[in-house]
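**Q** Using the working numbering, you'd call the opening residue of the sequence shown number 156 and step up by one each time.
The C-beta atom is built at its ideal place from N, Cα and C for all residues, glycine as well.
Fair warning: this is a prediction, and the values are worked out from it, not measured in the lab.
Pasting in a structure now, in structure tokens, and then I'll have a few things to ask.
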Amino acid sequence: MDRSIGARTYRVALRVFRLFPRSVRRITVRTVSPSYTVGAICVIERPDGAILLVRQAYRKKWGIPGGLLKRGEPPEVGARREVFEEVGIAVELVGPPAVVVDADPQRVDVIYRARPVALSEISEVRPTSPEIVEVKWFAPEALPELQFETAEAMVALARVNATHTIDPAAAEKHLD
């Protein structure tokens, strides 16, 4: 009995909610729903399969270029922007992205596989942001100690892109 009263009350509340203007419904949902930060990051590969990693000033382990999206910015645009801001090269996004949702810090990462647009830029990669202290290419089988989020992103991307050069096992060892 109690359960059906609750269900009926909920249905009535939804019908009333439907009558509110769309802007009021949207504000209400945004107010009571959890919010997440959304970032876009790139696993950048050279033709020989080497992967570009960065060391950030505020982290000890290696990561991949990327960052938070600006309000209203599409993830693919934000991914290319972040790479250019951090390492100074233009990249082409390749294949479908992977997505990692981390509920505890309320973070969503959209992960892209990418390659430099101009092969001549491969040797010119350098830190171009104060937050990046070092940039280096690594063979997939010789990855250094990775940030947890980077390892998680590489594993997710490798699962989405079956032809990816990353061996999930190489990144999974950093997920402890």
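Which stretch, first to last residue, makes up the alpha helix (DSSP H) that contains T192?
**A** What you label residue 192 is simply residue 37 of the sequence shown in a count that begins at 1. Unbroken run through T192 is the beta strand (DSSP E), T192 to I199; no alpha helix (DSSP H).
**Q** Got a sec? Which residues, its chain only, sit under 7 angstroms from R270 by beta carbon, not counting five neighbours each side?
**A** Translated into positions along the sequence shown, residue 270 becomes position 115. These residues qualify, in order along the chain: I199, E200, V246, E247 and V249.
**Q** Could you give the first and the last residue of the continuous beta strand (DSSP E) run that contains R210?
**A** As a position in the sequence shown, residue 210 is number 55, starting the count at 1. Start and end: I206 to Q211.
**Q** What does E276 pair with, by DSSP beta-bridge criteria?
**A** Here residue 276 is taken as the residue at index 121 of the sequence shown, counted from 1. Its beta-bridge partners do not exist; DSSP assigns none.
**Q** Out of A162, V179 and C197, which has the shortest C-alpha to C-alpha gap to P251?
**A** One-based indexing of the sequence shown puts residue 251 at position 96. The residue with the shortest Cα to Cα distance from P251 is C197.
**Q** For the region 213-290, which segments carrying the alpha helix (DSSP H) assignment without a break, of at least 4 residues, lie completely within its bounds, in sequence order?
**A** 230-242
**Q** If I measure Cβ to Cβ from S284 and keep anything under 7 angstroms in the same chain, skipping five residues before and after, which residues do I get?
**A** Residue numbering aside, residue 284 sits at position 129 when the sequence shown is read from its first letter. E240 and E241.
**Q** Can the beta-carbon of A294 be found less than 8 angstroms from the beta-carbon of V310?
**A** Here residue 294 refers to the residue found at position 139 when the sequence shown is read from its first residue. Here residue 310 refers to the residue found at position 155 when the sequence shown is read from its first residue. Contact flag unset, no.
**Q** Roughly how far, in whole angstroms, is the beta-carbon of L224 from the beta-carbon of P299, given that I think they are within contact range, below 8 angstroms?
**A** Sequence index remark: in the sequence shown, residue 224 carries index 69 (1-based). Sequence index remark: in the sequence shown, residue 299 carries index 144 (1-based). The Cβ separation is near 27 angstroms, so there is no contact.
**Q** Might you give, ordered along the chain, the residues of its own chain that have their beta carbon closer than 6 angstroms to the beta carbon of V265, omitting 5 neighbours on each side?
**A** The residue given as residue 265 occupies position 110 in the sequence shown. Within the same chain, V265 has close Cβ partners A195, P230, P252 and V254.
**Q** Could you name the residues of the same chain whose beta carbon sits closer than 8 angstroms to that of V167, not counting the 5 residues immediately before and after it, in chain order?
**A** In the sequence shown, counting from the first residue as 1, residue 167 sits at position 12. Hits under 8 angstroms: none found.
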